[in-house]
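Protein chains in written order, with our numbering: chain Z, 133 to 246; chain H, 6 to 119.
Glycine included, C-beta positions come from ideal geometry on N, C-alpha and C.
Note that the coordinates shown come from a computational prediction; the quantities given were computed from them, not determined experimentally.
Notes follow the structure.
As structure tokens, this is what we get:
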């Protein structure tokens with residue numbers, strides 16, 4: 133069965149420091165992978181997506197993610213975190229042949245300290 | 006372009022009462038999703054519509070939940086009667102087609118059952 137694991141429930145980084153959020157997936161074929169961000173009281177906003185091709189994907193707000201098939205990972209990175217990046221981040225895998233169904237991880241809450 | 010609009014934003018009801026959530030998708034989007042997000046968890050798909058047809062409702066608790074999408078546009082999700090465990094955020098999303106992954110979410114309805 134398809135699944136997504138985000139090992140870190142909560143991460144705190146200093147403003148200006150680099151960030152890496154981990155995501156591991158379980159899927160039988162080439163996955164469609166996504167990162168979403170959710171600010172308090174808000175819906176989910178798509179940061180970036182990977183379907184195929186270049187394994188390094190650029191997204192909005194200065195985020196990027198790298199698909200590593202050998203490690204079944206799709207980690208999210210940002211070189212310099214801003215206080216406004218504090219939010220909940222969700223990794224998701226798109227289930228092929230089930231329409232646009234997404235399976236989400238449990239999320240990683242990011243706190244940014246000044 | 007207006008995004009996915011949901012109402013109400015918040016709802017507090019007593020257990021055993023009925024409740025309904027409304028979703029207006031992005032104009033022209035044929036596919037509509039309802040997800041439920043429990044506290045501290047990622048969203049989980051409840052039901053997916055292609056136009057007015059529910060094509061995936063396998064995760065919808067049909068004994069108390071119902072949904073409809075009249076004329077393939079707006080959608081309503083209903084719970085009757087509500088239970089304490091139904092407290093969650095109910096998210097609606099829409100996409101142009103069923104293979105258009107990485108779709109747009111509304112801000113959600115936060116339901117509290119007391």
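Hey, does residue 110 of chain H have any beta-carbon neighbour from chain Z nearer than 8 angstroms? yes
Is the beta carbon of residue 157 of chain Z closer than 8 angstroms to that of residue 189 of chain Z? no
Where residue 8 of chain H and residue 99 of chain H are concerned, what is the direct C-alpha to C-alpha distance, given to the nearest angstrom? 9 angstroms
If the criterion is Cβ atoms closer than 8 angstroms, does the pair residue 215 of chain Z and residue 172 of chain Z meet it? no
Quick check on the DSSP output: the beta strand (DSSP E) that includes residue 205 of chain Z runs from which residue to which? 205-210
Using a threshold of 8 angstroms, state whether the C-beta atoms of residue 72 of chain H and residue 20 of chain H are closer than that. no
In angstroms, rounded to a whole number, what distance separates the CA positions of residue 193 of chain Z and residue 179 of chain Z? 8 angstroms
Please classify residue 208 of chain Z as buried or exposed, where buried requires at least 16 other C-beta atoms within 10 Å of its C-beta. buried
Meets three-Cβ-pair contact criterion under 8 angstroms: the segment 144-160 of chain Z and the segment 19-33 of chain H: no
Members of the segment 26-60 of chain H near chain Z, C-beta cut-off 9 angstroms: 36, 38, 40, 42, 45, 46, 47, 48, 49, 50, 53, 55, 60
Which whole-angstrom value is the C-beta distance of residue 60 of chain H and residue 89 of chain H, which I expect to be below 8 angstroms? Contact flag wrong, Cβ pair sits at about 30 angstroms.
Can you pull the DSSP bridge partners for residue 61 of chain H? H/53
Leaving out five residues before and five after residue 109 of chain H in sequence, what residues of the same chain have Cβ atoms less than 7 angstroms from its Cβ? 8, 9, 31, 98, 99
Buried or exposed by the 16-neighbour rule on C-beta atoms within 10 Å, applied to residue 44 of chain H: exposed
Simplified DSSP state of residue 17 of chain H, which is helix, strand or coil: strand
Return helix, strand or coil for residue 175 of chain Z, following the three-state DSSP convention. coil
Continuous beta strand (DSSP E) assignments of at least 3 residues falling wholly in the segment 137-188 of chain Z: 142-146, 151-153, 156-158, 164-170, 176-182
Collapsed DSSP secondary structure at residue 107 of chain H in the structure displayed: coil
Does residue 200 of chain Z have its Cβ less than 8 angstroms from a Cβ in chain H? no
Assuming residue 88 of chain H is part of the beta strand (DSSP E), what are its boundary residues? First-last for residue 88 of chain H: undefined, no H or E at that position.
Chain H contacts from the segment 157-177 of chain Z (Cβ-Cβ distance under 7 angstroms): 164, 166, 174, 175, 176
Kindly list the residues whose CB is nearer than 6 angstroms to the CB of residue 115 of chain H, restricted to its own chain and excluding five residues on each side of it in sequence; keep chain order. 15, 94
Nearest residue (CA-CA) to residue 244 of chain Z, options Z/203, Z/232, Z/226, Z/147: Z/147
Which residues does DSSP pair with residue 96 of chain H in a beta bridge? H/40
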